[in-house]
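Visitor:
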Amino acid sequence: MLSYKEVSNVDEDLKKQKIQEWYQLYSDDIYRFVLMMIGDHDQAKDLTHDTYLKAYNSFEYFQGVTSDKNWLYRIARNVTIDYMRKKKPIRFMIESFSTFPSEENCPEKIMELGENEEQLYRCLKKLKRSYQDVIILRKIKELSIQETAEVLEWNETKVKNTLFRGLAALKQQMVKEGYNHETI
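If you read the sequence shown in my numbering, its first letter stands for residue 138, the second for the next number, and so on.
(1) For the region 208-224 against the region 295-313, do three or more pairs of beta-carbon atoms, one drawn from each stretch, fall closer than 8 Å, so that the two count as touching?
(2) If you draw a straight line from the C-alpha of residue 161 to the C-alpha of residue 258, how long is it?
(3) Quick check on the burial criterion: 16 or more other C-beta atoms within 10 angstroms. Buried or exposed for residue 268?
(4) Give me the Cα-Cα distance between residue 199 and residue 316, rounded to the nearest whole angstrom.
(5) Does residue 177 come out as helix, strand or coil in the three-state DSSP assignment?
(6) Helix, strand or coil, according to DSSP, for residue 316 in the structure here?
(7) Got a sec: does the ligand FAD put a non-hydrogen atom nearer than 7 Å to the Cβ of residue 282?
(8) If you follow the alpha helix (DSSP H) that residue 220 is in, where does it begin and where does it stop?
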C-alpha cells in the first residue's frame with residue numbers, strides 16, 4: 138500500500154504530465170487569444186505562461202464539465218483581465234480605446250496582414266470588452282456558441298445576443314472609420 142506522500146507524488150506527476158500535454162496541444166491557441174486581447178507579444182507570452190501556472194495550481198478544480206481547452210481559455214481570459222485591471226486605470230483606458238501600441242506588437246504581426254485585416258483589428262480594439270471577447274472567440278477562434286458560453290461563463294442566449302450586437306457595433310465602427318467593402 139502506498140503512503141500519502143507516495144500517492145501525492147503520483148498525483149503531482151499525473152498533473153504535470155497533463156499540463157504539459159495541454160501546453161503542447163493548446164499553447165499556441167491560448168497565446169493568440171491573449172495576444173488578441175492585449176496586442177503585446179511579450180506580455181501575451183507571459184500571460185500564457187501564467188495561464189498554465191494557474192491551471193497547474195487549480196488542477197483539482199477541473200471537473201471535466203467543459204473541455205480542457207475551454208477551461209484553459211477561461212483561465213487565460215481571467216488572467217488577462219486581471220492583468221489589465223492591475224495596470225494604472227488611465228493607461229488601461231487609453232490602451233483599451235486606442236489602436237495597437239506599436240506595429241511590432243500587433244496580433245500576428247498586423248503589418249504583414251492585408252489592409253482589410255488591419256482595419257478589422259483596429260476597429261475591433263475600439264469596441265467594448267464583451268464585444269471583443271465574443272467576436273474573438275466565435276468568429277476568429279471559431280468556437281461554437283456552447284464553447285464560447287463555457288469560456289465566458291455566460292448562457293448561450295447571451296452569447297448570441299452579444300455577438301449580434303458586437304458585430305453590428307464592429308460594422309458601425311468600420312463604416313465610421315471609412316472602411317468601405319461590399320460585405321459590410
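Note that beta-carbon positions come from the ideal geometry of N, C-alpha and C, so glycine has one too. Since this is a predicted model, take the numbers as computed values, not measurements.
Guide: With the structure as the only source:
(1) no
(2) 27 Å
(3) buried
(4) 44 Å
(5) coil
(6) coil
(7) As far as ligands go, the structure on display features none, and thus does not contain the ligand FAD.
(8) 205-223
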